[in-house]
Amino acid sequence: MARLLLVVVVGLFAALGAGPAQAADGYRYWSFWQRGGDGGSWAYATQGPSSARPDDGDMIGFRFAVSEDSNDATRPRGMADFAAVCADTPATDGAKRVAVVIDFGTAADAADHRTPPAPRTECARVGADASAGEALAAVAKPLRYNSAALLCAISGYPESGCGDKMSGSVDAHAAPKGDGKDGGDGKADGDGASGGPSAGLIGGLAGVVLLGAAAVWQARRRRV
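Numbering follows numbering that gives the first Met the number 0, in which position 100 of the sequence shown is assigned residue number 99; successive positions increment by one, without gaps.
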């Protein structure tokens, strides 16, 4: 019996000491994508919109979503290719045409969980040396950037926030918390904030089990 109770103690520490599973942190932001005009797969851009310079006939895409990092980022939706987007925009000398796909995401990605604007496509006709950011500005003003040149809003969406950090203790795609880089990341402060039992509670329960084991052992000795 004593041996059984000691096994229970070990199990108690193992069960109560295990905290809840933690999901990885995520960020709510506009990701930037590029692809050729032939309708191939989207590729996460290796440069920012202000540095990337698409060629005539290229496509650029922007998707607002909650993502952990570039490997987890959500691609723009839709199958439109350059020919479809820019069919009504004729080519002109000294300019280039860039197909722009803007995906405002889903209600789950929005800070207030309201349905965002519908995705849309635009054909930007800009100077031959224009950046992706300039192509976007030509068709989707107003744009909003922060002091670090991070793209925060396209066509005024969202109205506030910029690269806000989500809580790591919830599914970032389903229930984002906090208001991001201002310090409100949704994480609880202090010991025991993860929701697990306190050390005092574990010790108290273990002590009760150990006292019971000692009493059984003493009773068995007296019978012998």
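The beta carbon of each residue, even a glycine, is placed where N, CA and C say it ideally should be. Note that the structure is a prediction, hence the values are computed from the model and not measured.
Per-residue DSSP class, three states only, for residue i
{"i": "Ala83", "result": "helix"}
{"i": "Leu142", "result": "coil"}
{"i": "Leu149", "result": "coil"}
{"i": "Asp102", "result": "strand"}
{"i": "Glu158", "result": "coil"}
{"i": "Ala136", "result": "helix"}
{"i": "Ala42", "result": "strand"}
{"i": "Ala110", "result": "coil"}
{"i": "Ala90", "result": "coil"}
Beta-carbon proximity list for residue i, same chain, < 8 Å, skipping 5 on both sides
{"i": "Asp128", "result": "Arg52"}
{"i": "Thr88", "result": "Arg96, Cys122, Arg124"}
{"i": "Val84", "result": "Met58, Ala98, Val99, Val100, Thr120, Glu121, Cys122"}
{"i": "Leu149", "result": "Tyr28, Cys161, Gly162"}
{"i": "Ala134", "result": "Pro53, Ile59, Val97, Val99, Ala123, Val125"}
Opening and closing residue of the beta strand (DSSP E) in which residue i lies
{"i": "Ser30", "result": "26-34"}
{"i": "Glu121", "result": "119-126"}
{"i": "Arg62", "result": "58-66"}
Neighbourhood of residue i by C-beta, 7 Å cutoff - its chain only, sequence neighbours within 5 removed
{"i": "Ala44", "result": "Phe31, Trp32, Gln33, Ala51"}
{"i": "Ala94", "result": "Arg124, Val125, Gly126, Ala127"}
{"i": "Arg113", "result": "Ala106"}
{"i": "Ala90", "result": "Arg96"}
{"i": "Asp188", "result": "Legend: pLDDT at Asp188 = 31, less than 50; position of this residue unreliable, value from coordinates given subsequently. Correct list: empty, nothing qualifies."}
Close beta carbons around residue i, own chain, < 6 Å, minus the five adjacent residues each side
{"i": "Asn145", "result": "Cys151, Cys161"}
{"i": "Tyr28", "result": "Gly162"}
{"i": "Ala131", "result": "Pro48, Ala51, Pro53, Ile59"}
{"i": "Gly35", "result": "none"}
{"i": "Asp102", "result": "Arg62, Pro75, Arg76, Pro118"}
Expected contact under 8 Å - CB spacing of residue i and residue j to nearest Å
{"i": "Gly60", "j": "Trp41", "result": "6 Å"}
{"i": "Ala79", "j": "Thr120", "result": "5 Å"}
{"i": "Gly155", "j": "Pro118", "result": "Not a contact, Cβ separation roughly 16 Å."}
{"i": "Ala109", "j": "Pro115", "result": "5 Å"}
{"i": "Ala139", "j": "Ile153", "result": "5 Å"}
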